[in-house]
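Colleague: Protein chains in written order, with the working numbering: chain A, 1 to 352; chain B, 1001 to 1352.
Structure in structure tokens, see below.
There are 2 protein chains.
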Amino acid sequence: MANQLSLENWTCPLPLRNYPTIVMGHGGGGKLSNELVENLFVPAFSNDTLATLGDAAVVEMNGSRLAYTTDSFVVRPLFFPGGDIGHLAVNGTVNDLAMMGAQPRYLTTGFILEEGLPLAQLGVIVESMAAAAQLAGVAIVAGDTKVVDKGHGDGIYINTSGIGLVAPGVTLAPDRARPGDVVILSGELGLHGIAVLSVREGLEFGAPIESDCAPLNGLVAAMLAASPDIRVLRDPTRGGLASSLNEIAKASKVGIAYQEKLLPVPAAVAAACDMLGMDPVYVANEGKLVAIVPEAAADIVLAAMRGHPLGANAVIIGKVVEQHPGVVVARTGIGGTRIVDLLIGEQLPRIC
Amino acid sequence: MANQLSLENWTCPLPLRNYPTIVMGHGGGGKLSNELVENLFVPAFSNDTLATLGDAAVVEMNGSRLAYTTDSFVVRPLFFPGGDIGHLAVNGTVNDLAMMGAQPRYLTTGFILEEGLPLAQLGVIVESMAAAAQLAGVAIVAGDTKVVDKGHGDGIYINTSGIGLVAPGVTLAPDRARPGDVVILSGELGLHGIAVLSVREGLEFGAPIESDCAPLNGLVAAMLAASPDIRVLRDPTRGGLASSLNEIAKASKVGIAYQEKLLPVPAAVAAACDMLGMDPVYVANEGKLVAIVPEAAADIVLAAMRGHPLGANAVIIGKVVEQHPGVVVARTGIGGTRIVDLLIGEQLPRIC
């Protein structure tokens, strides 16, 4: 059991970039986040399931394969164009389950409320969660509420966990990408991150930008019905497309190369990123997925995606290669290539 | 989808005691907590499983009965005599599963870290969680980390969710108490709450008081092996024994009567409660359970409890009665009776 004595003697099993305290970047989905996970959480909670580091764990229960995941949501502000924290909390967990090929079934929700939160705001957020759950076809079956003193929260933080059944024959995992596979993106990049940023900072970018927050389980079901051979699915949230591709490349020990000019970046997102000095491939999405698919199945999966409203603009953006294992490269518009690494921290804190 | 317009028009389905904002008592496990759950969460998330309001939901997955629960932990301070927030976060969820008669199997953990948290503190807490998980026989299979800006957290908040299998033939639920049943308490009351309070407020009560935080799944397994006929199990955490008994009385539409003089209250807890004007039956416990057992099975269940280290001081404290349905009464030392109601808020905020 821990006590203050052992606190003084505690040493990190591996150096965490020499930060003695938590900084915002530890929550950004980039290198600092990964270091916490790889050097602290995985060694401490040592088990094979956690070590796979998919969007959700896949565990065996009484002969069934269950996908099981958790996510806390601390987005600021609580309401943004196209959604709110409640909507995000349901869809985020639904999508993490869907990325393992599971049909999401049950969710739990844990609220950390700050003293002084208007009850009417809580009411709207709860009803938004209920509507999102109904749309995604999941039931919220258990919950918990804690209240913290004013000045120790930010209105509301929400944790959702979720479980779902993985269909027999489906095995999606970040380490299954193989050279020759095709990389498919389900639609436009950057909408969630720029929508939140615009309202947070009071920016106007001409055309209004709305978050793409949406449940992806229907799209995934259509894709798996077209071909159960899909290797990897990932929803590029915190850290954006670049981080998802890096995680896949590292887990599968393959290279990934994409064409920059094939990326669907809405004009408003491109303009906002230009103005702010950000790169759309690092901006969070909440209703998109990236799929790694064997070349032979690419056409049929792409057609299935385009037949679904949330995949109507799906596009092949690149491929998995044998060269440069663990590294993602972009072929740029002017014919060069550049390495697309993980960021150290994040471009946008508290985006989800 | 929610937006700021509907926020203005939102009205609560039932009046919430006319509080326009969240107050600390909404997180206290008393009447205000219950009003949030009954008037807001249950109607919004409408489903039969949530409405049973057990410590964990019991859901069907592919023919198996799974117990599934979530809890967020915001205890202050993070380290206290006998435990820490990590230890508490694992045992709290393990115990909620155990109260449904499930063998806990897998946990998830969601961290909300405040910028500036010393990494060494996080390290100790994580190792404490790992040790508690090992002791309880559960694996932490998925996790999430978010970081919030300094001044919007309190070092660390932890959510844990958990799943476990409910054995065939076991049906524990808060609405199963019947007149004639016996009420058994597994041991001494009030240790967790007073231990946290003592370090928070710098109080000294003579003998040091340590939290009773412990995993109850082993004790429950021994009890169910002795008799699968146990009707209700509940761990009296926030709101203490009084709140657990009230919830059972209300759910089962029965009265509950206990003898005050039979309650095992350690002298140090009694002295601390005397000094602070608190009642031990409302103080939080983290390693105790209350069991409602048919009279015919009471002796065998009690013997099984006393044979387990965490039930060595188990004692029958009262019975379920037909009279005063929904109401808990205590027979006092001087021969009278008093109604033991739910508190409005709580005696001790942020106790778990």
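Yeah, the Cβ is synthetic: ideal placement off N, Cα and C, and Gly gets one too.
None of the values given here were measured: they were computed from a predicted structure.
1) Compare the C-alpha of A:L241 against each of A:A330, A:L302, A:G137, A:R200 and name the closest.
2) Report the residue from A:D235, A:K319, A:V327 whose alpha carbon sits nearest the alpha carbon of A:E295.
3) Would DSSP call B:R1231 helix, strand or coil?
4) Please confirm whether B:L1113 has its beta-carbon closer than 8 Å to some beta-carbon of chain A.
5) At the level of alpha carbons, what is the spacing between B:G1123 and A:P43?
6) Report the rounded CA-to-CA distance for B:G1345 versus A:T160, giving the unit in angstroms.
7) Under 8 Å, Cβ to Cβ, is there at least one residue of chain A near B:G1027?
8) Start and end of the alpha helix (DSSP H) containing A:L97?
9) Using alpha carbons as the reference points, say which of B:I1256, B:I1316, B:A1267, B:T1171 lies closest to B:T1337.
10) Per DSSP, what kind of secondary structure is A:D48 in: helix, strand or coil?
11) Return the CA-CA distance between A:A225 and A:L219, expressed in angstroms with no decimal places.
12) Does B:V1170 come within less than 8 Å of chain A when only Cβ atoms are used?
13) Over what stretch of residues does the beta strand (DSSP E) that includes B:R1065 continue unbroken?
14) Residues in the region 188-209 of chain A with C-beta within 7 Å of chain B's C-beta atoms, listed in sequence order?
15) Any beta carbon of chain A sitting closer than 8 Å to that of B:T1354?
16) Would you list the one or two residues that DSSP bridges to B:P1081?
17) With 16 other CB atoms within 10 Å as the buried threshold, where does A:D154 fall?
18) Helix, strand or coil for A:N39, going by three-state DSSP, please let me know.
19) By a C-beta neighbour count over all protein chains shown, 10 Å radius and 16 as the cutoff for buried, is A:P20 buried or exposed?
20) Please report the distance separating the alpha-carbon of B:R1178 from that of B:V1254.
21) Considering A:I184, what are the terminal residues of the beta strand (DSSP E) in which it resides?
22) Out of curiosity, what's the CA-to-CA distance linking B:T1171 and B:M1100?
23) Within a Cβ cutoff of 6 Å, which residues of the same chain sit near A:S6, ignoring the five residues on either side of it in sequence?
24) Would you please state the rounded distance, in angstroms, between the beta carbons of A:L191 and A:P266? I believe it to be under 8 Å.
25) In terms of residue numbering, what span does the alpha helix (DSSP H) encompassing A:N217 cover?
26) Below 8 Å on the Cβ atoms is my contact criterion, and I expect A:E115 with A:V74 to pass it. Report the Cβ-Cβ distance as a whole number of Å.
27) In whole angstroms, give me the CA-to-CA distance for B:D1175 and B:A1249.
28) Considering A:S211, what are the terminal residues of the alpha helix (DSSP H) in which it resides?
29) Report the partner residues of B:E1114 according to the DSSP bridge assignment.
30) Shorter than 8 Å from the beta carbon of B:K1031 to some beta carbon of chain A?
31) Please compile the residues from chain B whose C-beta is within a distance smaller than 9 Å of the C-beta of A:D149.
32) Please go through the region 1121-1205 of chain B and give each complete alpha helix (DSSP H) segment of 4 or more residues, from N-terminal end onward.
33) List the whole-angstrom C-beta distance separating A:A98 from A:N217, where the pair is believed to meet the contact cut-off of C-beta under 8 Å.
34) Could you tell me whether the Cβ atoms of A:P77 and A:P208 are closer together than 8 Å?
35) Can you pull the chain B neighbours of A:K250, defined as C-beta to C-beta under 7 Å?
36) Between the region 50-71 of chain A and chain B, which residues of the former have CB atoms less than 7 Å from a CB of the latter, in chain order?
Modeller: Walking through what the data contain:
1) A:A330
2) A:K319
3) coil
4) yes
5) 11 Å
6) 25 Å
7) yes
8) 85-98
9) B:I1256
10) DSSP places A:D48 in helix when its eight states are reduced to three.
11) 10 Å
12) no
13) Unbroken beta strand (DSSP E) run through B:R1065: 1064-1073.
14) none
15) In this structure chain B extends from 1001 to 1352, so residue 1354 of chain B is not present and cannot be described.
16) Per DSSP, none; premise fails for B:P1081.
17) buried
18) helix
19) Exposure of A:P20 is indicated by the presence of fewer than 16 other C-beta atoms within 10 angstroms of its C-beta.
20) Roughly 7 Å separates the two Cα atoms.
21) 182-185
22) 7 Å
23) Any reading at A:S6 must be qualified, since the residue scores a pLDDT of 47, below 50, and its modelled position is unreliable; the value itself is stated next. None.
24) At roughly 7 Å, the Cβ-Cβ gap stays under 8 Å, so A:L191 and A:P266 are in contact.
25) Judged by DSSP secondary structure, A:N217 falls within the alpha helix (DSSP H) whose first and last residues are 217-226.
26) Contact flag wrong, Cβ pair sits at about 17 Å.
27) 8 Å
28) The continuous stretches of alpha helix (DSSP H) do not include A:S211, and DSSP gives it neither H nor E.
29) BP columns for B:E1114 point to B:V1148.
30) no
31) M1024, R1076, D1154, P1349, R1350
32) 1191-1201
33) 4 Å
34) Not in contact: A:P77 and A:P208 (Cβ atoms no closer than 8 Å).
35) Those within 7 Å of A:K250 in chain B number zero; the least Cβ separation is about 18 Å.
36) L50, A56, A57, V59, M61, N62, S64, L66, Y68, T69, T70, D71
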